[in-house]
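*Asks:* In the UniProt record's numbering, the protein residues as written are 1 to 128.
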């Protein structure tokens, strides 16, 4: 077992639930910060790591939208908006439903907004 005292992290050689490496702050978090979960967290953060995607999520938080509506709302091209929607959909943050010839996108993970709030709090705390 190794310890990074500057951050109070512990590296556990074996997590009893997944038999994989885990990083955690204390014993209660051992089942949260497994390698598998760290990859999931990283995937979500990667999907949210774009100002345009944040704008899209904020629009979808208001109500579901067709692609052409999102194009106008975020003032970007249709191919670019579609590309970003694909990333958000593949990460499970948004979902799509076909309505005739159009796709309607909606926010399937409103917890993304909580991530934005926490990130903004952290940004405001570090810049003060």
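Glycine included, every Cβ here is placed at the ideal spot set by N, Cα and C.
Can you give the Cα-Cα distance for residue 73 and residue 97, rounded to whole angstroms?
*Replies:* 19 Å
*Asks:* Are the Cβ atoms of residue 108 and residue 95 separated by less than 8 Å?
*Replies:* yes
*Asks:* Are the CB atoms of residue 47 and residue 53 nearer to each other than 8 Å?
*Replies:* yes
*Asks:* Ignoring anything shorter than 3 residues, give me the beta strand (DSSP E) runs that lie fully in the segment 62-105, in order along the chain.
*Replies:* 94-99
*Asks:* Going by Cα to Cα distance, which pick from 126, 105, 61 is closest to residue 84?
*Replies:* 105
*Asks:* Please state whether the Cβ-Cβ distance between residue 93 and residue 112 is less than 8 Å.
*Replies:* yes
*Asks:* Output the distance between the C-alpha atoms of residue 89 and residue 80, rounded to the nearest integer angstrom.
*Replies:* Near 14 Å, if we compare the C-alpha coordinates of residue 80 and residue 89.
*Asks:* Taking the C-alpha atoms as reference points, what is the distance between residue 39 and residue 71?
*Replies:* 31 Å
*Asks:* State the Cα-Cα distance for the pair residue 57 and residue 64, rounded to the nearest angstrom.
*Replies:* When rounded, the distance between both Cα atoms is 10 Å.
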